[in-house]
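Trainee: Sequence order for the protein chains is A and B.
So the number in this note's numbering is just where the residue sits in the first sequence, counting from 1, plus 86.
So the number in this note's numbering is just where the residue sits in the second sequence, counting from 1, plus 68.
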Amino acid sequence: MAENTKKKVKSIKVDVDKCNGCRACEVICSAFHAAPKYSSNNPARSRIRVIREPLRDIYVPVYAGEYAKAECMGRDKYVIDGKEYEECAFCRASCPSRDLFKEPDSGLPLKCDMCEGEEEPLCVKWCLVDALSYEEREEEGEEEPKPEEVEVGLESLVDKYGLDKVMDSINRLNQSKKG
Amino acid sequence: MRYAETGYNLEIDLSRGNIERVETDPRDTELYLGGLGTNAKILWDRVPPEVEPFSPDNLLIFSAGLLCGTPATGCNRTIVTTISPQTQLMAFSMMGGFFAPELKYAGYDKIILRGKSPNLVYIWINNDKVEIRDASHLKGKGAVETAEIIQRELKEPKAQVAAIGLAGENRVYFASIEQGRSSASRGGIGAVMGDKGVKAIVVRGTKDINVARPMEYLELCNDVMKYIQFRNANPVPGVMPILAGLGSPQEMKVHDEKWHTENFMWGNSRVRRKDFWNEEIAQAWAETLDSMRRRLISCYNCPMTCGATIAPPGKPTYMMKCFSKLTYTMAAFADLEFGLGIAQSATEYGVDGFSAPQVMAFALELLENGILTDDDFPGMPADNEGRFYWLLDHIVRREGIGDVLANGTYWAAKHIGKGAEAYAHNNIKKIEQLPLKLSMLNPIYFLMYATGEKINITQIEGQFPQGPFVTMEEREAFVKDWFQVPDEKYKQIFLDWEPRGEKSMPFYPTVQMCCDIVDWQEKMHYIDDALGMCAGLSSFPLKPPYHIHNYPKFISAGAGIEMDEEKLTQAVKRYRTLVRANNIRRGMRRKDEKPPEDHWKKRFPELEKELLDTYYRFKGWNNEGIPTKESLEELGLDYVYQEFEKRGVYAEAGESPATETAADKEKGV
Numbered sequence: 087m088a089e090n091t092k093k094k095v096k097s098i099k100v101d102v103d104k105c106n107g108c109r110a111c112e113v114i115c116s117a118f119h120a121a122p123k124y125s126s127n128n129p130a131r132s133r134i135r136v137i138r139e140p141l142r143d144i145y146v147p148v149y150a151g152e153y154a155k156a157e158c159m160g161r162d163k164y165v166i167d168g169k170e171y172e173e174c175a176f177c178r179a180s181c182p183s184r185d186l187f188k189e190p191d192s193g194l195p196l197k198c199d200m201c202e203g204e205e206e207p208l209c210v211k212w213c214l215v216d217a218l219s220y221e222e223r224e225e226e227g228e229e230e231p232k233p234e235e236v237e238v239g240l241e242s243l244v245d246k247y248g249l250d251k252v253m254d255s256i257n258r259l260n261q262s263k264k265g
Numbered sequence: 069m070r071y072a073e074t075g076y077n078l079e080i081d082l083s084r085g086n087i088e089r090v091e092t093d094p095r096d097t098e099l100y101l102g103g104l105g106t107n108a109k110i111l112w113d114r115v116p117p118e119v120e121p122f123s124p125d126n127l128l129i130f131s132a133g134l135l136c137g138t139p140a141t142g143c144n145r146t147i148v149t150t151i152s153p154q155t156q157l158m159a160f161s162m163m164g165g166f167f168a169p170e171l172k173y174a175g176y177d178k179i180i181l182r183g184k185s186p187n188l189v190y191i192w193i194n195n196d197k198v199e200i201r202d203a204s205h206l207k208g209k210g211a212v213e214t215a216e217i218i219q220r221e222l223k224e225p226k227a228q229v230a231a232i233g234l235a236g237e238n239r240v241y242f243a244s245i246e247q248g249r250s251s252a253s254r255g256g257i258g259a260v261m262g263d264k265g266v267k268a269i270v271v272r273g274t275k276d277i278n279v280a281r282p283m284e285y286l287e288l289c290n291d292v293m294k295y296i297q298f299r300n301a302n303p304v305p306g307v308m309p310i311l312a313g314l315g316s317p318q319e320m321k322v323h324d325e326k327w328h329t330e331n332f333m334w335g336n337s338r339v340r341r342k343d344f345w346n347e348e349i350a351q352a353w354a355e356t357l358d359s360m361r362r363r364l365i366s367c368y369n370c371p372m373t374c375g376a377t378i379a380p381p382g383k384p385t386y387m388m389k390c391f392s393k394l395t396y397t398m399a400a401f402a403d404l405e406f407g408l409g410i411a412q413s414a415t416e417y418g419v420d421g422f423s424a425p426q427v428m429a430f431a432l433e434l435l436e437n438g439i440l441t442d443d444d445f446p447g448m449p450a451d452n453e454g455r456f457y458w459l460l461d462h463i464v465r466r467e468g469i470g471d472v473l474a475n476g477t478y479w480a481a482k483h484i485g486k487g488a489e490a491y492a493h494n495n496i497k498k499i500e501q502l503p504l505k506l507s508m509l510n511p512i513y514f515l516m517y518a519t520g521e522k523i524n525i526t527q528i529e530g531q532f533p534q535g536p537f538v539t540m541e542e543r544e545a546f547v548k549d550w551f552q553v554p555d556e557k558y559k560q561i562f563l564d565w566e567p568r569g570e571k572s573m574p575f576y577p578t579v580q581m582c583c584d585i586v587d588w589q590e591k592m593h594y595i596d597d598a599l600g601m602c603a604g605l606s607s608f609p610l611k612p613p614y615h616i617h618n619y620p621k622f623i624s625a626g627a628g629i630e631m632d633e634e635k636l637t638q639a640v641k642r643y644r645t646l647v648r649a650n651n652i653r654r655g656m657r658r659k660d661e662k663p664p665e666d667h668w669k670k671r672f673p674e675l676e677k678e679l680l681d682t683y684y685r686f687k688g689w690n691n692e693g694i695p696t697k698e699s700l701e702e703l704g705l706d707y708v709y710q711e712f713e714k715r716g717v718y719a720e721a722g723e724s725p726a727t728e729t730a731a732d733k734e735k736g737v
């Protein structure tokens, strides 16, 4: 049985109402991640981008999340307080559907690392209008799924295919993983 | 490798449709920095005084400042330079917004337009790919509207667009170039863009900008950020609210407009309304602003929120620039609701927010005084607000009397005659000024008004308080942490400055002190304009985060050009002199260097003469305001001296027929 563990959750709170659209976050992010550090900057390389449409009062700082190999089958579009946000506006993926969060030269995906080694992400530090703020909290986490949950799943497979077939499959899987 | 700058300019010949990417000489950066400095050099080299504003040989230069695109907070200015149709002199209006950094990321420091396109076009710069595209479908469209259409048709929401409206297309002498939440408005540079057949310039860039010494540079940036936070938390006591903090006047934040509405003039810069502001108006205006203002916004990489998106009822949302908030309201004797509404139309048409309202008020004054008649205004509504909308429409379309007014008050008055000149009373070097009329001559301001070649007081004032503080305690408190001064002597001048008595204006600060103060204030603006720094974080407010002591470090660590205060001062003096040289070559002389006659009630002709004589000498200019052989040689501007000699500039004593004839020809007078 796995023990419950504590894990540190780092999050950046984005208050879109406070964003002034200045893109200082993009400037410092791309500078911090330049090699050597701070030697250049280029918002196109930034791991935070501000989606902004000033005339429709839309300001959404978005962070680069996971790389997605394929586009979603469907897209989402949000309307909040009567303002329609562009497709996938709140999505963090570096994905084939858009040019966000990719190195402009190589196309390799970018991902926010919360500025490893700094006391807080630099985008937060550089956001003097407080649209971005940093929070850290401890959370009860589970390292592994509980064994009961595996059993529940296996039982339903046994119900469907019979115990022998399931055992065969498990043996085969076992072999191929080892082999 | 080039640092901070890209080292390339984009040369576009619109007549032939030719586009070239041209490497620049790093030695020029060292001598003239960038932005305004190198613009002045290009104009000197390539635009001789025979070239008229609307000639294909006139250049229109869009330049990013030297440090634009680096992480330096607030460094986002585009300096647009050309020959102005209004003044016939060098115009170098600037805009903030997002254009200059994007241009840098696309790989260029400047776009240099020459020639004229036969058809209306726009220019699409996407990193290395540059196209001249048809813009016939954009003809007559508003500047903001144009930006939206182009971003849509290119599917490039991140592209930055600098566009002209109808005023620019129709070559209105005070047409602006609009971009993001900013515009380059003064001097009619939008008219030159329209004359060249360019509706918009669109830029998208995804390349790196490098700095020479990264850790050192970042440290400087962090210090500036810390100081901005300190200044935001500690406004300067004893001055009016808009001068207490940083940022270009925080107009869109401020509700209390007592100071502007009671100290600035209404109408055609004539009527002072000393008891205008009361509780009722304060409440009504606050409601108006709160109901229309959607958000406070900033330019690229700046926390100051000087601008706002404004949504007037029944009109599209637009982005307001600081003082346009009041200029229309006050010119029309109207309220804030009217001002914020008509500014939407003015932004789409693309006109200068200082000149346009005054031109309209001027026209109505001529009507009131019988110099123009009702026949000149067929179909104009009877109410004042309706009249302003009618006039604005006619000016930007150049219809009827609008065609005359579209040239600004100076040229319109000349054309109308019958004593109309007396009504074009608020100009310097033919450009409409802030509507201020005061009582006692201020010797510092006298020099700034007279000699400023940006021809706008806000573009030369800033570092030294506008008036003395009443008590010694206040003065001592002010100078205590005033580390921005180039020299300790400025503190003593301020400490000794009294509101009354022997050491008060106009005879104190002394003539020599005035020269020093003006020189310092002007120098900071010129540095900003070369580096691309917003005046709101530097030359305009008291005690700014950027100053003469940290600027050399920014240039050294950023651009990799070894710089100290002395070398920087010399560089600024060099290109400031080159700006003057351009204008001298175009006929500007001492007779042009004067504030409006009625700017102050109490004038002191002898003192004013002494001020100008001394300041000219101090600057290394002769009695006509022409840079002398010695001062030119000291700055390495021998080529200017040779040209002056060749053209006989030193020989003719103050006559400048070139300006008048060129302009008269242009207008077909």
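C-beta atoms are modelled at their ideal positions from N, C-alpha and C, and glycine is treated no differently.
1. Between A/Ile166 and chain B, is any beta-carbon pair separated by less than 8 Å?
2. Nearest-angstrom Cα distance between B/Ser423 and B/Tyr558?
3. Please decide whether A/Asp143 counts as near chain B, where near means a Cβ-Cβ distance under 8 Å.
4. Within 10 angstroms of the Cβ of B/Pro351, are there 16 or more other Cβ atoms? Answer buried if so, exposed if not.
5. Determine the chain A residues that contact B/Lys383 at a beta-carbon separation under 9 Å, and present them in chain order.
6. With a 10 Å radius around its C-beta and 16 neighbouring C-beta atoms as the bar for buried, classify B/Gly520 as buried or exposed.
7. Rounded to whole angstroms, what is the Cα-Cα separation between B/Lys275 and A/Ala117?
8. Mind checking the stretch 360 to 394 of chain B against chain A and listing, in chain order, the residues whose C-beta falls within less than 8 Å of any C-beta there?
9. Give the C-beta separation of B/Tyr491 and B/Phe430 to the nearest angstrom, bearing in mind that I take them to be a contact with Cβ-Cβ under 8 Å.
10. If you pair each beta-carbon of the stretch 287 to 295 of chain B with each one of the stretch 348 to 365 of chain B, do three or more pairs fall below 8 Å?
11. State yes or no: is the C-beta of A/Ala121 within less than 8 Å of the C-beta of A/Asn127?
12. Buried or exposed for B/Ala301, please, with buried defined as at least 16 other CB atoms from any protein chain shown within 10 angstroms of its CB.
13. Nearest-angstrom Cα distance between A/Lys251 and A/Gly239?
14. Based on Cα-Cα distance, which residue from B/Thr578, B/Pro503, B/Val198, B/Arg338 lies nearest to B/Ile179?
15. Please list the residues of the stretch 103 to 114 of chain A that have a C-beta atom closer than 7 Å to any C-beta atom in chain B, keeping them in chain order.
16. Does the CB of A/Met87 have a neighbour CB from chain B at under 8 Å?
17. Can you find a CB in chain B that lies within less than 8 Å of the CB of A/Lys123?
18. Using only alpha-carbon positions, find the residue among B/Pro371, B/Pro664, B/Tyr396, B/Gly407 that is nearest to B/Ala379.
19. Measure the C-alpha to C-alpha separation of A/Asp101 and B/Cys374 and round it to an integer number of angstroms.
20. Where A/Ile144 and A/Lys163 are concerned, what is the direct C-alpha to C-alpha distance, given to the nearest angstrom?
21. Taking Cβ positions only, does B/Asn302 come closer than 8 Å to chain A?
22. List the residues of chain B whose Cβ lies closer than 9 Å to the Cβ of A/Ser180, in chain order.
23. For B/Asp596 and B/Cys390, what's the separation of their Cα atoms in angstroms?
24. Here's the rule I'm using: 16 or more other beta-carbon atoms within 10 Å means buried, otherwise exposed. How should A/Glu157 be labelled?
25. Does the Cβ of A/Val236 have 16 or more other Cβ atoms within 10 Å, making it buried, or fewer, making it exposed?
26. Got a sec? Which residues, its chain only, sit under 6 Å from B/Lys591 by beta carbon, not counting five neighbours each side?
27. Determine whether the Cβ of B/Gln154 lies closer than 8 Å to any Cβ atom of chain A.
28. Give me the subset of the stretch 212 to 241 of chain A whose CB atoms are less than 9 Å from a CB atom of chain B, sorted by chain position.
29. Rounded to a whole number of angstroms, what is the C-alpha to C-alpha distance between B/Ser724 and B/Asp471?
30. What did DSSP end up calling B/Ile110 once you bin it into helix, strand or coil?
31. Sorted by chain position, which residues of the same chain lie with C-beta nearer than 7 Å to B/Ala730's C-beta, five sequence neighbours on each side aside?
32. State whether the stretch 243 to 258 of chain B contacts the stretch 382 to 398 of chain B, with contact taken as three or more CB pairs (one from each stretch) at a distance under 8 Å.
33. Can you find a CB in chain B that lies within less than 8 Å of the CB of A/Ala150?
34. If you drop the 5 nearest sequence neighbours on each side, which residues of the same chain put their C-beta closer than 7 Å to that of B/Asn452?
35. Tell whether a beta-carbon distance below 8 Å holds between B/Asn144 and B/Ala168.
36. Which of helix, strand or coil does DSSP assign to B/Phe562?
Mentor: Inspection of the coordinates gives the following:
1. It does not: the Cβ of A/Ile166 has no partner Cβ on chain B nearer than 8 Å.
2. In a straight line, the C-alpha of B/Ser423 is about 34 Å away from that of B/Tyr558.
3. Residue contact with chain B for A/Asp143: present (Cβ-Cβ distance below 8 Å to some residue of chain B).
4. Pro is not the amino acid found at residue 351 of chain B; the sequence shown has Gln there. In the assembly as shown, B/Gln351 is an exposed residue. Its beta-carbon has fewer than 16 other beta-carbons within 10 Å.
5. Ordered by position in chain A, no residue passes the 9 Å Cβ test against B/Lys383, which lies about 12 Å from the chain.
6. Classification of B/Gly520: buried, given that the 10 Å Cβ count is 16 or more.
7. When rounded, the distance between both Cα atoms is 12 Å.
8. So the list reads Arg362, Arg363, Leu364, Ile365, Ser366, Cys367, Tyr368, Asn369, Cys370, Pro371, Thr373, Thr377, Pro384, Thr385, Tyr386, Met387, given in the order they occur along the chain.
9. With a Cβ gap of about 6 Å, B/Tyr491 and B/Phe430 count as contacting.
10. In this structure the stretch 287 to 295 of chain B does not lie against the stretch 348 to 365 of chain B, because fewer than three pairs of beta carbons, one per stretch, are closer than 8 Å.
11. Cβ distance not < 8 Å, so A/Ala121 and A/Asn127 don't count as in contact.
12. Counting the other CB atoms within 10 Å of its CB gives B/Ala301 a total below 16, which places it among the exposed residues.
13. Distance between the alpha carbons of A/Lys251 and A/Gly239: 15 Å.
14. When each option's Cα is compared against that of B/Ile179, the closest is B/Val198.
15. If you check each beta-carbon in the stretch 103 to 114 of chain A against every beta-carbon of chain B, the ones closer than 7 Å belong to Asn106, Gly107, Cys108, Arg109, Ala110, Val113, Ile114.
16. Note that A/Met87 scores 46 on pLDDT, short of 50, meaning its location in the model is unreliable; the coordinates nonetheless yield the value given after this. It does not; no Cβ of chain B falls within 8 Å.
17. For A/Lys123, the nearest beta carbon of chain B is closer than 8 Å to its own beta carbon.
18. Of the residues B/Pro371, B/Pro664, B/Tyr396, B/Gly407, the one whose Cα lies closest to the Cα of B/Ala379 is B/Gly407.
19. Looking at the two C-alpha atoms, the distance is approximately 20 Å.
20. For A/Ile144 and A/Lys163, the distance between alpha carbons rounds to 13 Å.
21. Cβ-Cβ to chain A under 8 Å: no for B/Asn302.
22. Ordered by position in chain B, no residue passes the 9 Å Cβ test against A/Ser180, which lies about 15 Å from the chain.
23. Taking the straight line joining both Cα atoms gives about 19 Å.
24. Under this definition A/Glu157 is an exposed residue.
25. Looking at its Cβ environment, which holds fewer than 16 other Cβ atoms inside 10 Å, A/Val236 is exposed.
26. The answer, listed in chain order, is Val640.
27. Cβ-Cβ to chain A under 8 Å: no for B/Gln154.
28. Cβ contacts with chain B come from Trp212, Cys213, Leu214, Val215.
29. Residue confidence is low: B/Ser724 scores 46 on pLDDT, short of 50, so the model does not pin down where it sits. Its coordinate-derived value is still stated next. Each residue's alpha carbon lies about 27 Å from the other.
30. In this structure, B/Ile110 counts as helix in the three-state DSSP scheme.
31. At B/Ala730, the pLDDT of 43 sits below 50, so the modelled position is not reliable; the number obtained from the coordinates is stated separately. Excluding positions up to five away in sequence, the list reads Glu120, Gln156.
32. As far as the Cβ criterion goes, the stretch 243 to 258 of chain B touches the stretch 382 to 398 of chain B, which means the pair count is three or higher.
33. False, the Cβ-Cβ gap to chain B never drops below 8 Å.
34. Around B/Asn452: Ala400, Phe401, Ala402.
35. In this structure, B/Ala168 lies closer than 8 Å to B/Asn144 by Cβ.
36. In the displayed model, B/Phe562 falls within a helix according to three-state DSSP.
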